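Mind the numbering: the sequence shown is residues 482 to 1092 in this note's numbering, read in order. We put the beta carbon where it would ideally sit given N, CA and C, even for glycine. Everything numeric in this text was worked out from a predicted model, so none of it was measured.
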Amino acid sequence: MNLRHLTSLATMLVAGVCVAAEPTPDTARPYVHSALVASAQRRQRAAPNQIRPAAFNDPQPAAAGQRKPGARMEMMAYDQPTYTRDRFAQKEPVETPAEGNDKPSDPFSDPEPTDQPAEQPAEMPAEAPPELAPDAAPPGAEPAAQEPAARPGDDLFTVPPSDKQPDEAMPGREGANNNLPFVDPGAPPRRTPAPREQVPTREMAPRGEFVPTPEPDQGPTNEPYYGEYGLTYDDDGFADSCMSCAESAGCGSMWDNYCPPPLNLRIPCGSWVNMEYLMWWSRGASLPPLATTGSQGGALDDPNVKILFGDDRVDNGIRSGGRLNIGTWFNARQTFGIGASFIGLQNMASNFTAVSDGTTTLARPYFDTQTNSPNAFVIAQSGLLSGGIRVRTTDSFVAGDTYLRQVLAAGPRRRVDLIYGWRYLELDDSVGIDDHSVSIDPNNPQVPLGTTLVGFDGFRATNKFNGGQIGIMTERRRGIWSLNTVAKVSLGNMRQTVLINGYSSTTVPGQTPANFVGDLFAQQSNIGRYDRNVFAAIPEVTLNLGCQITPRMRATFGYSLIWISNVVQAGRQIDTNVDLSQSSSFSAPTFTWQQNTYWLQGMNFGLNFTF
């Protein structure tokens, strides 16, 4: 036994070990060990007429560590007929060895190579009685056509192909193996191994299964990669299986049965709905002193004066509200869409009521322009009047916008969108002051006993904004956590409206009530409606931290701030300079525009749904 025989034996042993493992249904591929290929190539160069290894049938080379379906390497005996390029050529008939051969018949071995033509089997003696096999034809019958012998199915170097016939072959496969190595174009047709069911692969997917076409490698580019269904975010931080997610993104044990989806849920033209509960507070409204008490009439210069209501901010506490944000994409790649949002806050209100039975003093302070000194409008006074004061303030806020959303940049874990559109905002507040007095002095000739005096001053301010908005919306994810930010500014027109109204009436027992225009702060000099348009800017910032709960639901918590540059509030439109005589058209109080800034801020608790 020479070195060449040892090499062949070692090669056969290596090949047997390589193909011993049975392939799994989805991932296994026919395998040819590299040592087998190298040995075959060396012997081919040494003796090209002795070894004819068949090449791989699939022109597409398999990736490292994988075998492609149908690929096989066959080691033929010396001077054995080689295979042609025709994949579906009929196998060559094999002669049955003659009787009397000294060597035992091995149904799994190939014929021995020889340089001499095979001897013809000798005819049987005539006197020998014919012994027929159970399936042999009777004497005198025409011999049936001899079927070519099938190659054994357990050839160590051949994985049987699919049982498809040539007429059922896939279109476009003709000539697929024209560039195969180690194939002699002039050799006889190769023998077809026994049929065997072939494992479906991506190239041979069952009917109805979608096999995506891999994207060609375009090299480095600054353009975002959109993949097959839109923006692709499933990198090593977003895996398709929980096992890969746990290994790459560090999912905790509580997420063993769930892995968060990528940003894009791979649903073309998806939609989103974001519902948030708001716990906000605002700047509130500033009021002048509206109700006082004291030993000398309740004027602000009284050393014992006490301000009961006013001279402070009201409606600046925490209020509840809600924000709804909905939208959808125009295209499957989710790069251009439309959205809308609405914000509504609970109406804030403040109520103050003070009542005196005539034992304590109640007054409404003001500055008297006739005397140029502080004074007070007495509502209740010891021994003279009984009465009360009620002050009510309200504050309401609503806002809404619609916007277009266009992607600027996108990466595996982040995206940046440009938003632009139209915004509407409305801020209303009001202040109402009621006073009620009854005469309790039976000795006052000017005010009969039981005379009732009623008055009301009302102020209301409305701000309606309409303008365009532009901003940036960002999203960044890591595992099940996400960080969303929105920074935008709205520029446009603010329609400001101020309404001032007042009345008073005096009712003497037994007489018809006498009605008058104006009371204390609302007089004929300032009662009316006032409108104007001003430019306003409304920046807004929102920051939300999210946690993925289910593949389509995410819980968020964050902070928001809205700042409004120019607004009018009812409390600032109250002029405390008063001329009770109203002797001229320039008498006080007067109306002048008093505007200020306004802000709202607070916490957001939300649920985000994607479809």
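Look at the stretch 880-958 and you find no whole run of alpha helix (DSSP H) that is 4 residues long or longer. Bounds of the beta strand (DSSP E) holding Val-998 are 995-998.
Taking the C-beta atoms as reference points, Leu-1081 is found nearer than 7 angstroms to Ser-763.
The secondary-structure analysis by DSSP pairs Val-1059 across a beta bridge with Asp-849. Within the model, the alpha-carbon separation for Ala-861 versus Asn-797 is close to 30 angstroms. In terms of CA proximity to Gly-868, Ala-835 leads the group Ala-1051, Phe-1086, Pro-893 and Ala-835.
Here the stretch 900-910 makes no contact with the stretch 798-809; the two share fewer than three CB pairs at distances below 8 angstroms. Annotation: Gly-779 is outside any beta strand (DSSP E) and is labelled neither H nor E by DSSP. Between Leu-885 and Ile-951, the CB-CB gap reaches or exceeds 7 angstroms. Thr-1078 carries a strand assignment under DSSP once its states are collapsed to helix, strand and coil.
If you draw a 10 Å sphere on the C-beta of Asn-856, you find 16 or more other C-beta atoms in it, and that means buried. Taking the Cα of Asn-944 as reference, the smallest distance to any Cα among Gly-983, Ser-911 and Trp-962 is reached at Ser-911. Secondary-structure assignment with DSSP links Gly-802 through a beta bridge to Leu-759 and Leu-826.
Around Gly-839, the same chain offers Ala-861, Gln-862, Ser-863, Gly-864, Leu-865, Leu-866, Ser-867 and Ile-921 as residues with beta carbons nearer than 8 angstroms, after the five sequence neighbours per side are excluded. A check of alpha carbon separations from Ile-953 across Val-888, Ser-985 and Ser-1006 identifies Val-888 as the nearest. With contacts defined as CB atoms closer than 7 angstroms, Gly-939 and Gly-913 qualify as a contacting pair.
Counting only residues of its own chain and dropping the five nearest sequence neighbours on each side, Val-879 has a CB closer than 6 angstroms to the CB of Gly-825 and Glu-907. Between the alpha carbons of Thr-1073 and Gln-1054 lies a gap of roughly 7 angstroms.
The beta carbon of Asp-783 sits closer than 6 angstroms to those of Gly-775 and Gln-777, all from its chain and outside the five residues before and after it, given in chain order. A straight line joining the alpha-carbon of Pro-994 with that of Thr-987 spans about 6 angstroms. In the assembly as shown, Met-829 is a buried residue. Its beta-carbon has 16 or more other beta-carbons within 10 Å.
The Cβ atoms of Ala-766 and Gln-1050 sit closer than 7 angstroms to each other. In the displayed model, Thr-488 falls within a helix according to three-state DSSP.
Here Gln-977 is near Arg-1013, since their CB atoms are less than 7 angstroms apart.
Under the three-state reduction of DSSP, Ala-1069 is assigned to coil, being neither helix nor strand. At a Cβ-Cβ threshold of 7 angstroms, Ile-1019 and Ser-971 count as neighbours. Distances from the alpha-carbon of Pro-769 to those of Leu-781, Asn-974, Gly-999 and Thr-883 put Leu-781 closest. Under the three-state reduction of DSSP, Gln-1054 is assigned to helix.
Taking the Cα of Ser-918 as reference, the smallest distance to any Cα among Ser-1068, Asp-1060, Arg-845 and Leu-1026 is reached at Arg-845.
DSSP places Gln-522 within a helical segment (H, G or I) once states are collapsed to three. For Gly-1027, the enclosing beta strand (DSSP E) stretches over residues 1009-1031. Scanning its chain for C-beta atoms nearer than 8 angstroms, with the 5 sequence neighbours on each side dropped, one finds around Trp-753 the residues Asn-806, Ile-807, Gly-808, Thr-809, Gly-820, Asn-1089, Phe-1090, Thr-1091 and Phe-1092, in chain order.
If you draw a straight line from the Cα of Met-975 to the Cα of Gln-1075, it is about 14 angstroms long.
Contact between Gly-936 and Leu-1001 holds, with the beta-carbon distance rounding to 7 angstroms and staying under 8 angstroms.
In the structure shown, Phe-811 adopts coil according to DSSP, grouped into three states. The alpha-carbon of Ile-900 is positioned some 37 angstroms away from that of Thr-874.
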